[in-house]
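To start, the structure under review is shown below, and the notes come after it.
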Amino acid sequence: MDLTYTDEQKAFRDEVRAFLDDKLPKRQRDKVAGGKRLTKADYEEWHAILNERGWLGVTWPAEFGGTGWDAVQRHIFEEETTRAHAPRIVPFGLNMLGPVLMKFGSKAQQDHYLPRILNGDDWWCQGYSEPGAGSDLASVKTTAVREGDHYIVNGQKTWTTLGQYADKIFCLVRTSKEGKPQQGISFLLIDMDSPGVEVRPIVLIDGEAEVNEVWLSDVKVPVENLVGEENKGWTYAKYLLTHERTNIAGVGFAQAGLENLKRIAGLEKAGGRPLIENPFFAAKMAQVEIDLMAMATTNLRTIAAAAAGQAPGAESSMLKIKGTVIRQEINALTRQAVGPFAMPFVSEALDEGSNVEPVGPDYALPATQAYFNNRKLSIYGGSNEVQRQIISKTILEL
Amino acid sequence: MDLTYTDEQKAFRDEVRAFLDDKLPKRQRDKVAGGKRLTKADYEEWHAILNERGWLGVTWPAEFGGTGWDAVQRHIFEEETTRAHAPRIVPFGLNMLGPVLMKFGSKAQQDHYLPRILNGDDWWCQGYSEPGAGSDLASVKTTAVREGDHYIVNGQKTWTTLGQYADKIFCLVRTSKEGKPQQGISFLLIDMDSPGVEVRPIVLIDGEAEVNEVWLSDVKVPVENLVGEENKGWTYAKYLLTHERTNIAGVGFAQAGLENLKRIAGLEKAGGRPLIENPFFAAKMAQVEIDLMAMATTNLRTIAAAAAGQAPGAESSMLKIKGTVIRQEINALTRQAVGPFAMPFVSEALDEGSNVEPVGPDYALPATQAYFNNRKLSIYGGSNEVQRQIISKTILEL
Amino acid sequence: MNFQLTEERQMLQDSLRRYLADSVSPEMLAQATTSAAGHSETLWKGLAEMGVIGALFPEDKGGFGGAGFDLSVVFEEVGRAGVFEPLAETGILAGGLLAELGGEAQADRVEAIIGGAIIGFAHSEPGARYDLEHVETKAKKDSDGWRITGRKSLVTHAGVAEAFLVTARTGGETTETDGISAFLVPAGEGVDIRDYPLNGGGRAAEVTLDVTVPADALIGPEGGAYAAIERAAARATCALCAEALGLMETIRGLTVDYLKNRKQFGQPIGKFQALQHRMADMLVEIEQARSAVINLAGHVDADRTTRERHVSATKNLIGRAGRLVVEESIQMHGGIGMTEEYALGHLVKRLTMVDHRFGDADHHLERFIRLSAA
Amino acid sequence: MNFQLTEERQMLQDSLRRYLADSVSPEMLAQATTSAAGHSETLWKGLAEMGVIGALFPEDKGGFGGAGFDLSVVFEEVGRAGVFEPLAETGILAGGLLAELGGEAQADRVEAIIGGAIIGFAHSEPGARYDLEHVETKAKKDSDGWRITGRKSLVTHAGVAEAFLVTARTGGETTETDGISAFLVPAGEGVDIRDYPLNGGGRAAEVTLDVTVPADALIGPEGGAYAAIERAAARATCALCAEALGLMETIRGLTVDYLKNRKQFGQPIGKFQALQHRMADMLVEIEQARSAVINLAGHVDADRTTRERHVSATKNLIGRAGRLVVEESIQMHGGIGMTEEYALGHLVKRLTMVDHRFGDADHHLERFIRLSAA
């Protein structure tokens, strides 16, 4: 038992810190810390900086141009970049499609797509969810019918995050109606420029349009864009979901959120005293901090097991539940902290270079938006209800 | 809309208060307030005092020797007696069997049993639950087989409260195995002195033996002890349960509990200050008080509807859930309040006249016992899970 | 003891509910929210014509209601429909204070309000958070009348107000209850408005005052308006809590419908017991919220301690129940519950913002403890 | 970073778990609880022979462990079995202080403790609640040595202790940290014991002291024992939290078994989704409790602020998780869960009492805030 990093791990952490001090643009740092709106160019700039250092393929093995880091190193990198308020790495190409192609893609697909992901030539988005399906992924209705050397794809995808920026989409499509719903699914790569692809933004209750509906009408997709075998897509999809679940606890986000909360609670005054000194508020903050301290250790335990080669099991479901509960509680407390200034909705003030001033403190609107936006945490990636079901089945065997 | 009592109701309340000032023995008041152990004689004494005044048959119509009070009067009586720390009225004869006999019993049964209940000649107990059945009452396994002018009863009842004091037990028994489980049940009155009846105490985690197992082995019961018709017992049982659910919210108990909690929190010192001034503790107390203020009004709304002749519906399920949650929270806070002295278990100190002194303050052990004992509130009388199911079905229609 | 509405209130409830059900749609609300006015002028006119504003005033002030239960009946329906008209600002706060403090001189203006004139309530200030007595804005007597200087914050519906009931200090320190006076200040020069939309619908403004008003703009006793302000705030809080209850009822209806109709894993999700039980728990809390609103409505005219104790108890409970209803209803809807387009979005935002007005759950818990100890 | 037990600790865990599984039964616990000794002499002997007491002491004090993870390994098993032996009192508190403060002069006594001698820890007092520095008991130097007078409360296993590590004030005021000294006081004349059973098993006593001990009964520096007492209490709290974790694990096992085997409405109740989800939530909290114990065990030897911050964080979390596990496990069992006879009863009582020792969840929440601000 040893809760501290080894000397090598500490050295690695220092290396990451030095890199961030040196290379993370202050402009980006301030935008992320201040809850400002990030543009496509912002993400691309940060990806390019990381790629130059060879640190963009965080989860990738070295043979594909990735870092080859183990789970602990990935955790340290994640922790440090989050604390430094770096933009997140957009995960769709890097953490989702990449690993699927490495494991199930053809040599030609790997050679073509993987370098393009690292170089920022393609911006990928995810075509998994469909309207009316939610966590029930196997009920895919979008069809792909083979015609000669093409598939003709028809259907609708939804909750496609940052689809408005994407050049490409990886999709689950139905290629067969026989057998169980899971059996007739294939995994297809589609060019967003293809005729028949239409992207419509979905505005969420925080006022932002980060997700989209993607309509596919008679879209012609070359058969070489099929990943792996036809009707085996469910296997690849599940593999991808396991990868999606790394960093599912969101410890770094929670820690950054808690720091932000403490800062705000130190600035806000309630009854003439800093809010942070109000015993009711201090109690709630301390409670969530204590929960986070424990959850961070649960997370490290899982990471250490992964680094030792154990496959992640239902522990990730526990981390998902507790991690989202903690982050959502931090969001709720931050919203509470900003007081009456949670009310104004001056969206323009979040744009870089906008000359619209926020109403009240500049942290107020981001606090409210984060509260509303992060309700998604317990819904997506397998809702917390689905996670409870997994725990009940696989750990408790009920 | 009027939240206050009418002048008549106020006058009635004053009458009840005057009666309690005058007739409730101080000895009993102190025992109840102090969480001391009540004996059979204590209950009998209080019943006799009430009966002398004509106030024992609280829920009974005047024609059977009851008070004939409406729902509001019953509520006032309940509230005042609880606040005055009177012993509770033991409900099995008075609030459970009584109403069943009045509605479904024969004239002979009514003439025989009802006066005996009021006069304290019979102490009744309830034979509903069976081992392994819990809230699933319809799964009655105890059998009653007709042989001539007797039934031969075999089986086992459990959770029989104060069965150790009882002369008689009313039982649900299976007289037919045909049809749905609900269809073959009968309602039988059994003399506890009959050969083959055996009572075994169940000690609960508070160390007390208030409930019992009742074993029935070839017990001969005269057919005239059948209430209503054979195989119609489920109807009577359900009718009884509706009656049991009056005062299901336990507002009076909660209010008395909250007062006791405040008193203790005023006496206990934490970090040199009275616990009641500790903001964390004060916050929890205030929270539960606020919840109770609202629940008391929900209760009055239900009572007013009942007084206006509306049948109680799933509202009683909502009162059951919220009422038990509130009382259990008060119990938990009281246990918390007594600090380290929650630990000693000096049971003898609760007996009247015992010369064993409690360890620490005299309110400590009763606080711990009440916490453990009242875990039952959310289990019995239809567990809170069953109540949620009722709400889901009847109100939400899910 | 009687929990039935009077016949008059029952009629008001029925007709208001019918009117709003007929007039309000998600599209109409979306339009009102993005309009420059920040509310629906048609609806406002309709409400005035129905006598809804009059129901907020007692008979001796030209209305036909004004009791706690009149407020709760009206605002439960307002919440149910999710509308954001300047009813509370004009009818309870500015109008209520004009009626109470203004005497005969303001009777015409109260009549105009009942007819639909919009008067803003410019009271809270940037540093006040939820402290009602926090007033820095100054009013100084001079030869022309009163010169008022200061900043007011989050003045709801300021953009459409023809005048403002402005509170300002004529004496005392920033957080004292003594020394606060009320003035009627017409919109226009010297009253600078920066207005903006609100989360949950409607608009508000930061108002900068540097204006001179005549001597008779003083409403009520010089330096002695606080008690009336606190009473008006209690009534507005009662209205807001009733509005929250109405929001909860509509959210509940949407959620139950969704549970019945939405299928997943081959059956309506309302057949999943875990969701059934959580929905039942939500219902229990909404019932608590209803009782809390009744408690407050029944005590808005009680003595100060009783009234304010109920204000804080009810606002605390509404804050807690509101958060539960918001979070559970979104969660049970899943992704669709987070979209701006679906009806739920507007309602949960509005309900969330209830906790940011007139003091959040913690503010009132602390206040309840203080008032109970007194 | 490494979360594997060392080979030695893994062996200790395995053998202790096996030994307790073989030796402990509900009947045996019931008998121990009602016996005059208030614990099982056989078990105690067995533990000593296995070297479990030695595992609580570092090598330079004659043991072969003594680190935080040694405590947590041992006490998780103690909790798992639901036993109540004087391990913490003797091995961590009295014994730990003798080893730390007593020097060479006490080495023999520490060896005796490791061999099974029972020494009580007479520290807390009737008015202290959870304040470690609250000591009123006085010690005065006189020609015969030290005269100690005062009252100690809830001295666990006092009835079987051959001596007590007694804390007493040789200077300072009741709640000061300075001025507290430690003494070794033999049981017997001048040490009056009123002993009684405890909720959750075992016995404790109120101890009245009016006794004179020789000058060399003073253990450690005069008036300067507090820092060591606080360290020992941190270690005992770590042990208690690990014990709570063990209790939770056994309760979890009992509850899952019950859900699988118990049928109602025609199926195992574990098939009801509402219960499945609640059981999953309980599991999540037990996982949190496990991590909290690891955090504390890993920091019991850290600098004071770090150590005590972890003490308070972990004890707070254990208190909250413990209450949830107690209440949910009883609820999911239904009536049977409330009976003394069924194995659950003893465990939930013991787990409940954890919150009443060394400070409850609120006490530590407040302390965590204070320590974090410092």
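Residue numbers (our numbering), protein chains in the order written: chain A, 848 to 1245; chain B, 848 to 1245; chain C, 143 to 516; chain D, 143 to 516. Ideal Cβ positions, reconstructed from N, Cα and C, are used throughout, including at glycine.
(request) For the alpha helix (DSSP H) holding A/W1011, just list the boundary residues, first then last. (result) The sequence given here places Gln at residue 1011 of chain A; Trp does not occur at that position. First-last for A/Q1011: undefined, no H or E at that position.
(request) List in chain order: all unbroken alpha helix (DSSP H) runs of 4+ residues lying wholly within the stretch 1083 to 1141 of chain B. (result) 1098 to 1114
(message) Are there any heavy atoms of the ligand FAD lying less than 6 Å away from the beta-carbon of A/V947, as far as the coordinates show?
(response) Here there are no bound small molecules, and the ligand FAD is not part of this structure.
(message) Taking 7 Å as the threshold (C-beta atoms), are A/G904 and A/L965 in contact?
(response) yes
(request) Step through the CB atoms of chain C and report whether any lies within less than 7 Å of the CB of A/M1132. (result) no
(request) Over the uninterrupted beta strand (DSSP E) stretch that includes D/T312, give me the two end residues. (result) From DSSP, D/T312 is part of no beta strand (DSSP E); its letter is neither H nor E.
(message) Taking the straight line between their C-alpha atoms, what separation do you get for B/E1045 and B/W1062?
(response) 5 Å
(request) Could you tell me which chain B residues have their CB closer than 7 Å to the CB of A/P1126, listed as they occur along the chain? (result) P1126 and F1127
(message) Can you tell me where the beta strand (DSSP E) holding C/G487 begins and where it ends?
(response) Run containing C/G487: none in the beta strand (DSSP E); it sits in the alpha helix (DSSP H), A485 to V496.
(request) Compare the Cα-Cα distances from D/M424 to each of D/P410, D/Q406 and D/S471 and report the closest residue. (result) D/S471
(message) I'd like the span of the beta strand (DSSP E) that includes C/P328, first residue to last.
(response) I322 to P328
(request) Could you tell me which chain C residues have their CB closer than 9 Å to the CB of B/D1038, listed as they occur along the chain? (result) Under a criterion of Cβ atoms nearer than 9 Å, no residue of chain C is adjacent to B/D1038; the nearest Cβ is some 42 Å distant.
(request) Could you give the DSSP three-state label for D/G262: helix, strand or coil? (result) strand
(request) Buried or exposed for D/S177, please, with buried defined as at least 16 other CB atoms from any protein chain shown within 10 angstroms of its CB. (result) exposed
(message) I want to verify the contact list: residues of chain D whose CB lies under 8 Å from the CB of C/H419, in sequence order.
(response) Neighbours of C/H419 in chain D, taken as residues whose beta carbon is under 8 Å from its own, are A416 in chain order.
(message) Taking the alpha carbon of C/D334 as the reference point, which residue from C/G313, C/A249, C/V353 and C/A374 has its own alpha carbon closest?
(response) C/V353
(message) Beta-carbon within less than 8 Å of B/K1167's beta-carbon, same chain only, minus the 5 sequence neighbours each way: which residues are those?
(response) R1092, I1095, A1096, G1228, G1229, N1231 and Q1234
(message) If contact is defined by three or more beta carbon pairs under 8 Å, each pair taking one atom from either stretch, is the stretch 1162 to 1177 of chain B in contact with the stretch 1130 to 1148 of chain B?
(response) yes
(message) Using only CA atoms, which one of D/C380, D/D399, D/G344 and D/I322 lies nearest to D/I121?
(response) Because chain D is modelled from 143 through 516, residue 121 of chain D falls outside the range shown and cannot be assessed.
(request) Output yes or no for whether 7 Å exceeds the beta carbon distance between C/E304 and C/A324. (result) no
(request) Run down chain B in chain order and give the residues with a C-beta less than 7 Å from the C-beta of C/D337. (result) Here the premise fails: no neighbours, minimum Cβ distance about 36 Å.
(message) If we define contact as Cβ-Cβ less than 7 Å, is D/Q146 a contact residue for chain B?
(response) no
(message) Within 10 Å of its beta-carbon, does A/K1085 have 16 or more other beta-carbons around it, so buried, or fewer, so exposed?
(response) exposed
(request) Compute the distance between the beta-carbons of D/C380 and D/G210, then report whether it is under 7 Å. (result) yes
(message) Suppose you measure from the CA of B/K878 to the CA of B/R860; what does that come to, to the nearest Å?
(response) 24 Å
(message) Is it buried or exposed, B/V1203, if we count other Cβ atoms within 10 angstroms and call 16 or more buried?
(response) exposed
(request) Measuring alpha carbon to alpha carbon, tell me which of C/I255, C/R509, C/D504 and C/V225 ends up nearest C/G196. (result) C/I255
(request) Can you give me the start and stop residues for the alpha helix (DSSP H) that A/N966 sits inside? (result) Per DSSP, A/N966 belongs to the alpha helix (DSSP H) from K954 to N966.
(message) Mapping the DSSP letters down to three states, classify B/H997 as helix, strand or coil.
(response) strand
(request) Please check if any C-beta of chain D sits within less than 7 Å of the C-beta of A/I1168. (result) yes
(request) Determine the direct distance from the alpha carbon of D/G188 to that of D/L162, and round the result to whole angstroms. (result) 10 Å
(message) Can you pull the chain D neighbours of A/I1319, defined as C-beta to C-beta under 8 Å?
(response) An answer regarding residue 1319 of chain A cannot be provided, because it is not within the stretch 848 to 1245 covered by chain A.
(message) So if I threshold CB-CB distances at 9 Å, which residues from the stretch 1038 to 1055 of chain A count as touching chain C?
(response) I1049, V1050, L1051, I1052, D1053 and G1054
(message) Counting only beta-carbon separations shorter than 7 Å, does C/R271 have a partner in chain A?
(response) With a threshold of 7 Å between beta carbons, C/R271 makes contact with chain A.
(message) Among the candidates B/L1051, B/A980, B/K883 and B/A895, whose CA atom is the shortest distance from the CA of B/P1028?
(response) B/A980
(message) Going by DSSP in three states, D/A209 sits in which element: helix, strand or coil?
(response) Per DSSP, reduced to three states, the secondary structure at D/A209 is coil, with no helix or strand assignment.
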